[in-house]
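K.L.:
Sequence lines, in order, name chains L and Z. For what it's worth, numbering that gives the first Met the number 0 labels the leading residue of the first sequence as 0, then goes sequentially. For what it's worth, numbering that gives the first Met the number 0 labels the leading residue of the second sequence as 0, then goes sequentially. My questions all concern the structure below.
2 protein chains.
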Amino acid sequence: MTTFKEFQAKYTPIINDFLEGQLAKESDDPRFAEIMAYSVMAGGKRLRPLLFLATLDALGVEITEKEVQAACGIELIHTYSLIHDDLPAMDNDDYRRGELTSHKKWGEAEAILAGDALQPLGIQWIAQAEHNWKLVEIITEAVGPKGMVAGQYLDIDTTNNEDSSEEVIDHMEWLKTGCLILASVQMATALAACPDQQAQKYLAFAKHFGRSYQLYDDLVDIVESQEEAGKATHKDQEVGKNNSLTMLGAEATRNELKQLIEKGKADLAGEKAEVLLGFLDLYQKVL
Amino acid sequence: MTTFKEFQAKYTPIINDFLEGQLAKESDDPRFAEIMAYSVMAGGKRLRPLLFLATLDALGVEITEKEVQAACGIELIHTYSLIHDDLPAMDNDDYRRGELTSHKKWGEAEAILAGDALQPLGIQWIAQAEHNWKLVEIITEAVGPKGMVAGQYLDIDTTNNEDSSEEVIDHMEWLKTGCLILASVQMATALAACPDQQAQKYLAFAKHFGRSYQLYDDLVDIVESQEEAGKATHKDQEVGKNNSLTMLGAEATRNELKQLIEKGKADLAGEKAEVLLGFLDLYQKVL
């Protein structure tokens, strides 16, 4: 039985190698290739591609290079969203993962264009890997105007808006983070073509995991020092940003996180999904 | 025999109705839907969707609502590129098609996000319309880091750079404008599944048309008054922007345009492509 840590240790370097090797071939302009690679290779946890691959694994789908390519497509799209979220017109962040953000390092136009390029390239990798339009439908719906972008729009809209209800904040956080996490699992269930009843278990898990991941991310913001997190922490409250944590407080957020972990475990009862369940252990450091 | 003008008169309102009706359903936030629709419905010529539909027509493919949806997907992607090109960090334009640009009207973050949303939504419409991953491959390659975005990157890189050779400028203009025009025709040949030899004729036409369209656009910049063009004209030279026209001069540009028109006609000799050939008549006003 593979554990989450073993799975992560095996596939993280495979994902990183694919990203680095393939990205270098995707532009005829060495500097533009460098700008894209700068943010993609800045050392993320590769959570979404690992989630996609771990779901495939649980469903008995063999992981070959094309599954790795599709997984990496998700990571490109995630990276685009980080680059654009950091822009001066958005969150105006100078650091990300301990390094200068794209616009601070390369310039604002360059950062906008790197994001604009990574989004369709990620979709292209997914389409070319699996020759399956359904995966394209899932990913584009997840990141489009009823998904991730809508979350970022609401985030801008709710900043410094004290009337924002807890419901609005929950919805905003779901769109910003949950949609792409859910899509990573949903793409795997679509590819595995598993029975609908079985797919529903994984989608339920993905929804609970997506929600819990946002709470975890908010808690990291207050628990870790700036150096550990590699970005500006304690910042959300300063700039008047509302999130579940600023609405509920740390204690209630931790309790909700614990409940979501239990729900996630229950969702996958009876499935051979030890690796997926291991994702929930990530949260130990904020509990 | 349908003429270009008849085809245009029939399908332009169909395209506009689809765009307006469908876009309103694509966001749960009325203001964000309005921001997207503002730029999409600002009155473009719908050149790319018409080119896609006219190629289908020439190849004997019946045009139903799903072909209109795929055509409109191309227009969403084109609109995203206009919104981002106008941003302060890029061309910093205040007007487009006679109206305030998106960031002047709604704010910079809003404009970035409207573009970020229209790009995947356009791809989604294409994927959902035809259930064909090949179309997704064609469109994502055309707008990604070896296509349209690379052109915009080169454009920023070459502005005020007097060393830029004519070759670099040609390449930049091809990427910025030609790639998406070629993709509009290529998606139609892929959908029609016509013999490769026949497809090659249409792709050759698309390449000549794509190149000629950029020359036309540069000539409009000096021929029309600002009021007629609906955007700032005579601007390229002022801001030190290199294009074929500033490199070659107006007379040589007109001559090249005339030659490209003849080549485009020759490409489609023997095909029932009267509507497509009619696109070349657009250029009369600058000749």
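The beta carbon of each residue, even a glycine, is placed where N, CA and C say it ideally should be.
Using a Cβ-Cβ cutoff of less than 7 angstroms, which residues in the same chain neighbour residue 251 of chain Z once the five nearest sequence positions on both sides are dropped?
P.N.:
If you ignore the 5 residues before and after residue 251 of chain Z, its C-beta comes within less than 7 angstroms of no other C-beta in its own chain.
K.L.:
Please identify the residue among Z/205, Z/105, Z/77 and Z/7 whose C-alpha is closest to the C-alpha of residue 187 of chain Z.
P.N.:
Z/205
K.L.:
Note down, in chain order, each residue of its chain lying with its Cβ closer than 8 angstroms to the Cβ of residue 56 of chain Z, except the 5 sequence neighbours on either side.
P.N.:
1, 6, 62 and 274
K.L.:
For residue 215 of chain L, return the contacting residues in chain Z, with the cut-off set at a CB-CB distance below 8 angstroms.
P.N.:
The contacting residues do not exist; residue 215 of chain L stays about 25 angstroms from chain Z at best.
K.L.:
Can you find a C-beta in chain L that's less than 9 angstroms from the C-beta of residue 348 of chain Z?
P.N.:
Here chain Z covers residues 0 to 286 and nothing more, so residue 348 of chain Z does not appear.
K.L.:
If you check the beta carbons only, do residue 134 of chain L and residue 35 of chain L fall under 9 angstroms apart?
P.N.:
Not closer than 9 angstroms, so no.
K.L.:
Is the separation between the beta-carbon of residue 49 of chain L and that of residue 10 of chain L shorter than 9 angstroms?
P.N.:
yes
K.L.:
Rounded to whole angstroms, what's the CA-CA distance from residue 149 of chain Z to residue 156 of chain Z? Just pull it up for me.
P.N.:
10 angstroms
K.L.:
By DSSP, does residue 281 of chain Z sit in helix, in strand, or in coil?
P.N.:
It is helical.
K.L.:
Interface residues of chain L around residue 35 of chain Z at Cβ under 7 angstroms?
P.N.:
Chain-order list of chain L residues neighbouring residue 35 of chain Z: 144, by C-beta distance under 7 angstroms.
K.L.:
Across which residues does DSSP place residue 99 of chain L in a beta bridge pair?
P.N.:
Paired residues: L/94.
K.L.:
State the Cα-Cα distance for the pair residue 14 of chain Z and residue 286 of chain L, rounded to the nearest angstrom.
P.N.:
Approximately 54 angstroms, taken between the alpha carbons.
K.L.:
With 7 angstroms as the limit, tell me which residues of the segment 117 to 143 of chain Z have their beta carbon closer than that to any beta carbon of chain L; keep them in chain order.
P.N.:
118, 119, 120, 122, 123, 126, 127, 130, 131, 132, 135, 136, 139, 140, 142 and 143
K.L.:
Would you please state the rounded distance, in angstroms, between the beta carbons of residue 139 of chain L and residue 126 of chain Z? I believe it to be under 8 angstroms.
P.N.:
Indeed, because the Cβ distance is near 7 angstroms, the residues count as touching under 8 angstroms.
K.L.:
If I measure Cβ to Cβ from residue 104 of chain L and keep anything under 7 angstroms in the same chain, skipping five residues before and after, which residues do I get?
P.N.:
37
K.L.:
Just checking: is the beta-carbon of residue 151 of chain Z within a distance shorter than 9 angstroms of some beta-carbon in chain L?
P.N.:
With 9 angstroms as the cut-off, residue 151 of chain Z counts as an interface residue toward chain L.
K.L.:
Along chain L, in chain order, which residues have C-beta atoms closer than 7 angstroms to that of residue 83 of chain Z?
P.N.:
111 and 115
K.L.:
How is residue 45 of chain L classed by DSSP in three states: helix, strand or coil?
P.N.:
coil
K.L.:
For the alpha helix (DSSP H) containing residue 132 of chain L, name the first residue and the last one.
P.N.:
132 to 142
K.L.:
What did DSSP end up calling residue 183 of chain L once you bin it into helix, strand or coil?
P.N.:
For residue 183 of chain L, the three-state secondary structure derived from DSSP is helix.
K.L.:
Whose C-alpha, out of Z/32, Z/73, Z/4 and Z/44, is nearest the C-alpha of residue 181 of chain Z?
P.N.:
Z/73
K.L.:
Buried or exposed: residue 268 of chain Z, going by 16 or more other Cβ atoms within 10 Å of its Cβ?
P.N.:
Under this definition residue 268 of chain Z is an exposed residue.
K.L.:
Please return the same chain residues whose Cβ sits closer than 8 angstroms to the Cβ of residue 215 of chain Z, not counting the five positions on each side in sequence.
P.N.:
256, 281, 282 and 285
K.L.:
Excluding the 5 residues preceding and the 5 following residue 60 of chain Z in the sequence, name in chain order all residues of the same chain whose CB lies nearer than 8 angstroms to its CB.
P.N.:
Hits under 8 angstroms: 66, 187, 190 and 191.
K.L.:
I need the straight-line Cα distance from residue 51 of chain L to residue 12 of chain Z, nearest angstrom please.
P.N.:
42 angstroms
K.L.:
Terminal residues of the continuous alpha helix (DSSP H) containing residue 257 of chain Z?
P.N.:
249 to 266 is the extent of the alpha helix (DSSP H) around residue 257 of chain Z.
K.L.:
Closer than 9 angstroms, Cβ to Cβ, to anything on chain Z: give me those residues from the segment 28 to 54 of chain L, in chain order.
P.N.:
Under the 9 angstroms Cβ criterion, the segment 28 to 54 of chain L contributes 28, 30, 31, 32, 34 and 35.
K.L.:
So what's residue 178 of chain Z in DSSP terms, helix, strand or just coil?
P.N.:
helix
K.L.:
Using the rule of at least 16 other Cβ atoms within 10 Å of the residue's Cβ for burial, across every protein chain shown, is residue 200 of chain Z buried or exposed?
P.N.:
Residue 200 of chain Z should be labelled buried.
K.L.:
From residue 143 of chain L to residue 119 of chain Z, what distance separates their C-alpha atoms?
P.N.:
6 angstroms
K.L.:
To which residues of the same chain is residue 83 of chain Z closer than 6 angstroms at the C-beta, ignoring the five residues directly before and after it?
P.N.:
114
K.L.:
Look up residue 71 of chain L in the DSSP assignment and say whether it is helix, strand or coil.
P.N.:
Secondary structure of residue 71 of chain L (DSSP, three-state): helix.
K.L.:
Quick check on DSSP: helix, strand or coil for residue 126 of chain Z?
P.N.:
helix
K.L.:
At a CB-CB cut-off below 7 angstroms, which residues of chain Z make contact with residue 108 of chain L?
P.N.:
88, 89 and 155
K.L.:
Shorter than 9 angstroms from the beta carbon of residue 98 of chain Z to some beta carbon of chain L?
P.N.:
no
K.L.:
Buried or exposed: which applies to residue 97 of chain Z, given that a residue is buried once 16 or more other Cβ atoms fall within 10 Å of its Cβ?
P.N.:
exposed
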